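Visitor: The structure follows.
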Amino acid sequence: MKMKIQWQYEFKGRKTSFESDWLDKEAVLPIVEDLTRGGRLKSAVIIDELANEWTVKEFTKLNAKLDEEPGEIEVYFDGGFDRQKQEAGLGIVIYYKQSGVKKRYRVNEHLMQMESNNEAEYAALYKAMELLEEIGVKQIPVTIIGDSQVVLKQLEGEWPCFDEQLNRWLDRVEAKIEALGIKPLYKSVDRRQNKEADKLANQALQRVFVNSHSVMS
Numbered sequence: 166m167k168m169k170i171q172w173q174y175e176f177k178g179r180k181t182s183f184e185s186d187w188l189d190k191e192a193v194l195p196i197v198e199d200l201t202r203g204g205r206l207k208s209a210v211i212i213d214e215l216a217n218e219w220t221v222k223e224f225t226k227l228n229a230k231l232d233e234e235p236g237e238i239e240v241y242f243d244g245g246f247d248r249q250k251q252e253a254g255l256g257i258v259i260y261y262k263q264s265g266v267k268k269r270y271r272v273n274e275h276l277m278q279m280e281s282n283n284e285a286e287y288a289a290l291y292k293a294m295e296l297l298e299e300i301g302v303k304q305i306p307v308t309i310i311g312d313s314q315v316v317l318k319q320l321e322g323e324w325p326c327f328d329e330q331l332n333r334w335l336d337r338v339e340a341k342i343e344a345l346g347i348k349p350l351y352k353s354v355d356r357r358q359n360k361e362a363d364k365l366a367n368q369a370l371q372r373v374f375v376n377s378h379s380v381m382s
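Heads up: the sequence shown begins at 166 in the working numbering, then just goes up one per residue.
Right under this line is the structure:
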């Protein structure tokens, strides 16, 4: 999660306020300590991307807790669809960091009685939200990456959704996002940049199933 520092600085009896750019949370305390050593830092507030604010003392405690929880979340999702069989393959890849360790979670799933490729994409994203809940993601920003313009634009509210079935999936995804308290950042990519999730979705259609949770070097 990114943070900003707002602080008051005193020089020759005059106080001036400053605000940093967005920083990795690991950089916050070293910068505050460096400012404090100069003797002119009068007060500081740390602000996260969800607009939460902490004093330095509060943030020091929070920082230790955040290290134990999943962070820096990137979710890749894709849905494959077999029109003749009305079947879908779901592919999800989640990258995150926990306790200083980078991890990857890869899962796919096969679903019957699907109506369209767009429904398969929504189902894949909903499955991804369930996996985020499983690993304990809550109250943080999450980057959601896919190659479905329809799903991403509808979730952003830029495109309307007139299909009743897709609307139901849209409501389910939004409800899960709200329940987790995450702040989604939607990122559209082409299929080449989504090849891991695409491969998993196609494997699911072929009944080749993957459930892998690994530490990355």
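Just so it is clear, CB atoms sit at the ideal spot from N, CA and C, and this is done for glycine as well. Please read these numbers as outputs of a predicted model, since none were measured by experiment.
(1) Could you check where the alpha helix (DSSP H) with I305 kicks off and where it finishes?
(2) Quick one: what's M168 bridged to in DSSP?
(3) Please state whether the Cβ-Cβ distance between L255 and N273 is less than 8 Å.
(4) From V245 to Y287, what distance separates their C-alpha atoms?
(5) Using beta-carbon positions only, say whether R269 and Y260 come within less than 8 Å of one another.
(6) May I ask you to report which of helix, strand or coil DSSP gives R372?
(7) Identify the continuous beta strand (DSSP E) that holds V272 and give its terminal residues.
(8) Hey, K267 and G236 are a contact pair by Cβ (cut 8 Å); roughly how many whole angstroms apart?
(9) Taking the alpha-carbon positions, what's the E295 to A340 distance?
(10) Report the three-state DSSP secondary structure of F176 (helix, strand or coil).
(11) For the ligand GTP, I want to know if V240 counts as a neighbour, meaning its beta carbon is within less than 7 Å of at least one of the ligand's heavy atoms.
(12) Let's test the definition: count the other Cβ atoms within 10 Å of the Cβ of P349 and tell me whether it reaches 16, buried, or not, exposed.
(13) Between the alpha carbons of L135 and E284, how many angstroms are there, rounded?
(14) Considering only residues of the same chain and omitting the five flanking positions on each side of R356, which have a CB-CB separation below 7 Å?
(15) Within its chain, find whatever has a CB closer than 7 Å to the CB of L194; leave out the 5 residues flanking it on each side and keep chain order.
(16) Alpha carbon to alpha carbon, what distance is there between E175 and A293?
(17) Less than 8 Å separating the beta-carbons of A289 and I309?
(18) Among residues of its own chain, excluding the 5 on either side of R372, which ones have a beta-carbon nearer than 8 Å to its beta-carbon?
(19) So who's on the other strand from G311, going by DSSP bridges?
(20) Taking the alpha-carbon of I238 as reference, which of V221, L297, A216 and R271 has the nearest alpha-carbon?
(21) For a test of the three-state rule: what should DSSP assign to K364, helix, strand or coil?
(22) Only counting the same chain, and skipping five residues up and downstream in sequence, which positions put a Cβ closer than 6 Å to that of K303?
Guide: With the structure as the only source:
(1) For I305, no alpha helix (DSSP H) run applies, since DSSP gives it neither H nor E.
(2) Beta-bridge pairing links M168 to L188 and D213.
(3) Yes, the Cβ-Cβ distance between L255 and N273 is below 8 Å.
(4) Looking at the sequence shown, residue 245 is not Val but Gly. Roughly 11 Å between the two C-alpha positions.
(5) Their beta carbons are under 8 Å apart, which means R269 touches Y260 by this criterion.
(6) In the three-state reduction of the DSSP assignment, R372 falls in the coil class.
(7) Taken as a continuous stretch (DSSP letters only), the beta strand (DSSP E) holding V272 covers V266 to L276.
(8) The Cβ separation is near 11 Å, so there is no contact.
(9) The alpha-carbon of E295 is positioned some 11 Å away from that of A340.
(10) Correct three-state label for F176: strand.
(11) Because no ligand of any kind appears in the structure shown, any question about the ligand GTP cannot be addressed here.
(12) With 16 or more other Cβ atoms inside 10 Å of its own Cβ, P349 counts as buried.
(13) It is not possible to answer for residue 135, since the shown part of the chain is limited to 166 through 382.
(14) So the qualifying residues of the chain are D312 and D363.
(15) Excluding sequence positions up to five before and after L194, its CB lies within less than 7 Å of the CB of T225 and N228, all in the same chain and listed in chain order.
(16) One C-alpha to the other measures close to 48 Å.
(17) No Cβ-Cβ contact shorter than 8 Å links A289 with I309.
(18) Excluding its 5 nearest sequence neighbours in each direction, R372 has C-beta neighbours in its own chain below 8 Å: H275, listed in chain order.
(19) Answer is S353, bridged to G311.
(20) The residue with the shortest Cα to Cα distance from I238 is L297.
(21) When DSSP states are grouped into helix, strand and coil, K364 belongs to the helix group.
(22) Here the set comprises L345 and G346.
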